[in-house]
Amino acid sequence: MYRYDAIDRAVLADRTAEFRDQVRRRLAGELTEDQFKPLRLMNGLYLQLHAYMLRVAVPYGSLSPVQMRALADIARRFDRGYGHFTTRTNIQFNWVKLADAPDILDALAAVDLHAIQTSGNCIRNVTADPYAGAAADELEDPRVWCEAIRQWSSLHPEFSFLPRKFKIAVTASPHDRTAAKVHDIGLLLRRGRDGETGFEVIVGGGMGRTPYVGPTIRAYLPSNRLFSYLEAILRVYNRHGRRDNAYKARIKILVAALGAEAFAREVEAEWEKIGPEGDVPAAEIERIRDAFTTPDFSSDPSTGDFEARRAAEPAFARFVRNNVKAHIRPGYGIVDISLKGIGETPGDISADQMDLVADLAERFGQGDIRSTHEQNLVLPHVRLEHVYDVWKGLHAAGLATPNINLISDIIACPGLDYCALANARAICVAQDIARRFEAPDRAEAIGEFKIKISGCINACGHHHVGHIGILGVDKKGEEFYQLTLGGSGAEDAAVGKMLGPALPIDRVTDAVEAIVDAYLRERREGERFLDTLRRTGDAPFKEAVYAEAH
Amino acid sequence: MKALTANRLSDGEVVFWKNGVWVERLTDAEIFADDAGAGEAEVAARAQPTVVIDPYLIDLVDSAGFWAPVSYRERIRALGPTNHELHGKQAEGGGAVEALRQAHGAARSSGRVNLIRRK
Amino acid sequence: MPKLIRASGAAFRDEEDAFVTIEDDAPDPGGDIIVSLARYLAGSESLVARPSGRLGVRLEPEDEVETLEGRLSGVDLVALAFPKFRDGRPFTAARLLRTRLGFSGEIRAVGDVLRDQAGFMVRCGFDAFVPADGSTAAIWAEAAGRHSHVYQRAADARAPAFVERQGE
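Protein chains in written order, with the working numbering: chain D, 551 to 1100; chain H, 14 to 132; chain S, 11 to 178.
This is the structure in structure tokens:
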């Protein structure tokens, strides 16, 4: 956790006071909706189908127990007792009132939370590896850079009215758990030749109507030059990004139009003019690094009765197999918390469940909670000797579904059930698929399988990078679904390929099952679905889905 | 047949026009048989920027004696999200809610009359 | 005359605007005038040599502010137009004008200019505003002063938080 100082708190307090006044003026008719909308979006407040929705920032996916409890409290007081974790690791409340928004923001600010720039044409939440600080393959903790970028980008006077939204991800592991290559800027921490740290800079990735895996604009940027370089990128985008067509306004369009090399030259030319004056001093980066609480790790590698429990209780063993990952420190484990209970709404969590997670994090997890871009939570630092107690606690609260990275660990946007932009529902499709593959043995036999569902082309469900991507479309007023295959949001980033004509809602689950069955038929030893697909091409799957007569 | 709908400014609640005021249930809404009346109501509604946001007309179809929106989107707005039966107006239950749930009909999913292209 | 708000330091004043914007094909009426960038570039020598009256140049968002580099002596004012308040390009133009091009004259925001942008505009180097929402200098002073700290450098002299923190 980054500990806010007085300045950080003052920034939040000033912004909430400003927003309170803006709301007052809107309610009084002193601001039109057209004038007010960008202002409320810059504070994360959407108008959805049924109510306002507030998107609270979870900066780089990090939450403390105090913060989680505050979110639970807000869910109870101002919403319907639950929240929804998103593919940008933020949390959304679906049922808030405009008139309550200022009070909610005050309640958030009291625990160093906010909704600044979670929407609008500005720089959004900077996301990081949810295993930061715990992953064995990590170069250094990316969250330090995320926090520095968060500050630099907050209420940036020059870049608050960009052509479109702007999303940055930072990863520090060879295994990319942030989908960095489909972000507007992906920053991959790298070790330079001189042993210093720096970044490979990827610009122009994205999903939506025109998905791109972002090209590398600069293979190595010394870390002390990050902010002048970001300024250069944002300035080029602010000046030259398209403003005539909202569907062509992301930086990925500009990069594709210019070509990566020409774009890089523009950035480098601007960067040279900015010079080191645009950088944040190393002392500030160190200050931020020091302001992160260090977990109180024990060097005792013993694991208590962890192994014995695993041997004795198959259900616990299954949980460990799927939901517990190796930690860099002996004696510790990373515990994934699935918010994909079979038949539940993906990413939803009740206020009681939030409190439970807070308690477990406090007692067993070094007070550290993470949210992931796959709409799950993580306790990154749990002593293995405590994992059983954590599991029991999760299990009692319905949070122990042992399906992380399996076929029922589905990403789904809120879709037509909530979202004003949607063409079709996504939640019920996810629920139906999860129920079909509910049997844990079957799910494990299938192995790693990422299904991602978006209710419209805006792709908030990240369907382009799903192993199976499912895109809801509107065909003559009915809900139809376009399937894609072979997407990946990891370091082997790829955009999925369309499989065939869109299917009506009642055929989607069968189609998924046909694909799975075809995979199980075709696969060779050790192949995940993606591996088999890459070897065979999509012909066997096309045939499985479309050759079947109904 | 048409109805006029909007979201209430203060709380975002889905509301329907009824003779110059806004009601929360589609069954209570004013039903327009002709475009002139519907158009007049829309103009009057747009003159209430501190009451509602973005009023617009929707097409309706008869369903078991009740009026239901033609499009899924508007049915979901009138009912509530389909993943939470206790959330939204559907929690009330009753004949009107059932009729909305069972309604059939095909249209563009936005269901807006004279759909204005959103930027 | 349209209302103008002028900022100097933290003080904001309501003023009458002496400048008149003239079309490209209109004759020079004398006095304080604002001309388009195209007109200025085509005839800057004669414009700068006017016997009296101040000279302003107006840039649309798609105009490149660099075209004024080295051609700013004799220019008293640069007006940056906001066709829509959500167009972020004039913020960059102002900042570059102020810092990179070293312009010390008036940088004026015109067009769809709203009070809620006061803080951002001042930080980017604007020091005069023709608001479209009827707001006054007092309102702009309040809006511009809403944020006690800033996180990043801009065109103003405000020390970013990381500098403030070094002083602690």
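Note that beta-carbon positions come from the ideal geometry of N, C-alpha and C, so glycine has one too. No experiment lies behind these values; they were computed from the predicted model shown.
For this session: Pair every Cβ in the region 584-597 of chain D with every Cβ in the region 876-894 of chain D, then say whether three or more of these pairs are closer than 8 angstroms.
Result: Short answer: they don't touch.
Exercise. So, is the C-beta of Arg96(S) closer than 7 angstroms to a C-beta in chain D?
Worked result: Residue-level contact by beta carbon holds for Arg96(S) and chain D, with a gap shorter than 7 angstroms.
Exercise. Between which two residues does the alpha helix (DSSP H) carrying Asp656(D) extend?
Worked result: That run of the alpha helix (DSSP H) goes Ala651 to Ala659.
Problem set entry | Rounded straight-line distance, which links the Cα of Met14(H) to that of Leu966(D) | Between the alpha carbons of Leu966(D) and Met14(H) lies a distance of about 24 angstroms.
For this session: Would you mind reading off the limits of the beta strand (DSSP E) that contains Gly3(S)?
Result: Nothing about residue 3(S) can be reported from this structure: the residues present for chain S run from 11 to 178 only.
For this session: Flag this pair as touching only if the region 698-717 of chain D and the region 664-671 of chain D have three or more C-beta atom pairs under 8 angstroms; answer yes or no.
Result: A contact exists between the region 698-717 of chain D and the region 664-671 of chain D.
For this session: If I'm right that Asn926(D) touches Asn872(D) with Cβ under 8 angstroms, what's the distance once you round it to whole angstroms?
Result: Between Asn872(D) and Asn926(D) the Cβ distance is about 12 angstroms, and since that is not below 8 angstroms, they are no contact.
Exercise. Going along chain D in order, which residues have a C-beta closer than 9 angstroms to the C-beta of Thr63(H)?
Worked result: Residues of chain D with a Cβ closer than 9 angstroms to the Cβ of Thr63(H) are, in chain order, Arg576, Leu577, Ala578 and Gly579.
For this session: State the CB to CB distance for the pair Ala89(S) and Gly66(S), rounded to an integer number of angstroms; the pair is presumed to be in contact (CB under 8 angstroms).
Result: Contact between Ala89(S) and Gly66(S) is confirmed by a C-beta separation of about 6 angstroms, below the 8 angstroms threshold.
Exercise. Looking at C-alpha atoms only, which residue of Leu944(D), Arg879(D), Gln642(D) and Ala908(D) is the closest neighbour of Ile887(D)?
Worked result: Comparing Cα positions, the closest option is Leu944(D).
For this session: Consult DSSP for Glu750(D) and reduce its assignment to one of helix, strand or coil.
Result: If DSSP states are grouped into helix, strand and coil, Glu750(D) belongs with the strands.
Exercise. How big is the Cα-Cα spacing for Gly78(H) and Leu70(H)?
Worked result: Roughly 21 angstroms separates the two Cα atoms.
Exercise. Between the C-alpha atoms of Ala950(D) and Gly917(D), what's the straight-line distance to the nearest angstrom?
Worked result: Cα to Cα, Ala950(D) sits roughly 19 angstroms from Gly917(D).
Problem set entry | First and last residue of the uninterrupted alpha helix (DSSP H) at Tyr779(D) | Here the alpha helix (DSSP H) through Tyr779(D) covers Leu776 to His790.
Problem set entry | Integer-rounded CB distance, given that Tyr968(D) should sit under 8 angstroms from Gln598(D) | That pair is a contact at about 5 angstroms.
For this session: May I ask you to list, following chain order, the residues of the region 684-707 of chain D that have a beta carbon less than 7 angstroms from some beta carbon of chain S?
Result: Correct list: Gln701, Trp702, Ser704, Leu705, His706 and Pro707.
Exercise. Applying a beta-carbon distance threshold of less than 7 angstroms, which residues of chain D neighbour Arg86(H)?
Worked result: Chain order gives the chain D residues near Arg86(H) as Leu966, where near means a beta carbon separation below 7 angstroms.
Problem set entry | Against chain S: residues of the region 711-729 of chain D by CB proximity under 8 angstroms | Answer in chain order: Phe711, Leu712 and Pro713.
For this session: Flag this pair as yes or no: are the beta carbons of Pro724(D) and Gly611(D) separated by less than 7 angstroms?
Result: Going by C-beta atoms, Pro724(D) is not nearer than 7 angstroms to Gly611(D).
Exercise. At a CB-CB cut-off below 7 angstroms, which residues of chain S make contact with Ala560(D)?
Worked result: Within chain S, the residues placing a beta-carbon under 7 angstroms from that of Ala560(D) are Ser158 and His159, ordered along the chain.
Problem set entry | Outcome for Gly1019(D) when other beta-carbon atoms lying within 10 angstroms are tallied against a minimum of 16 | Residue environment for Gly1019(D): buried (at least 16 other C-beta atoms within 10 angstroms of its C-beta).
Exercise. On the three-state DSSP scale, how would you describe Val608(D)?
Worked result: Assigned with DSSP and collapsed to three states, Val608(D) falls in coil, not helix or strand.
Exercise. At a Cβ cut of 8 angstroms, what residues of the region 825-858 of chain D count as close to chain S, listed as they run along the chain?
Worked result: Contact annotation: in the region 825-858 of chain D, residues whose CB is within less than 8 angstroms of a CB in chain S are Glu827, Gly828, Val830, Pro831, Ala833, Glu834 and Arg837.
Exercise. Just how far apart, CA to CA, sit Val1058(D) and Leu577(D)?
Worked result: If I take the Cα positions, the gap works out to 44 angstroms.
Problem set entry | Backbone secondary structure at Phe635(D) - three-state DSSP | In the structure shown, Phe635(D) falls within a strand segment according to DSSP collapsed to helix, strand and coil.
For this session: Closer than 7 angstroms, Cβ to Cβ, to anything on chain S: give me those residues from the region 585-611 of chain D, in chain order.
Result: Close to chain S, meaning a Cβ-Cβ distance shorter than 7 angstroms, are the following residues of the region 585-611 of chain D: Gln585, Pro588 and Leu589.
Problem set entry | Three-way DSSP call (helix, strand, coil) for Ala21(S) in this model | It is a strand residue.
Exercise. Mind checking if Asn32(H) is an interface residue toward chain D, Cβ cutoff 7 angstroms exclusive?
Worked result: With 7 angstroms as the cut-off, Asn32(H) does not count as an interface residue toward chain D.
For this session: In the DSSP assignment, find the beta strand (DSSP E) that holds Asp67(H) and state where it starts and stops.
Result: Asp67(H) -> beta strand (DSSP E) spans Val65 to Ser76.
Exercise. With a cut-off of 7 angstroms, does the C-beta of Glu583(D) fall near any C-beta of chain S?
Worked result: Residue contact check for Glu583(D) against chain S: no CB pair falls below 7 angstroms.
Problem set entry | Pair within 7 angstroms by beta-carbon distance, Trp30(H) and Glu43(H) | Yes, Cβ-Cβ distance for Trp30(H) and Glu43(H) is below 7 angstroms.
For this session: Determine whether the Cβ of Arg626(D) lies closer than 7 angstroms to any Cβ atom of chain S.
Result: Under the Cβ criterion of 7 angstroms, Arg626(D) is not counted among the residues facing chain S.
For this session: Report the rounded CA-to-CA distance for Gly33(H) versus Leu17(H), giving the unit in angstroms.
Result: Using only the alpha carbons, I get a separation of about 11 angstroms.
Problem set entry | Local Cβ density within 10 Å of Lys102(H), reported as buried at 16 or more and exposed below that | It is buried - the Cβ of Lys102(H) has at least 16 other Cβ atoms within 10 Å.
Exercise. Is there at least one Cβ from chain S nearer than 7 angstroms to Asp1067(D)'s Cβ?
Worked result: No, Asp1067(D) lies away from the interface with chain S (no Cβ there is under 7 angstroms from its Cβ).
Exercise. Does any C-beta atom of chain D lie closer than 7 angstroms to the C-beta of Arg114(H)?
Worked result: For Arg114(H), the answer is no, since every Cβ of chain D falls outside 7 angstroms of its Cβ.
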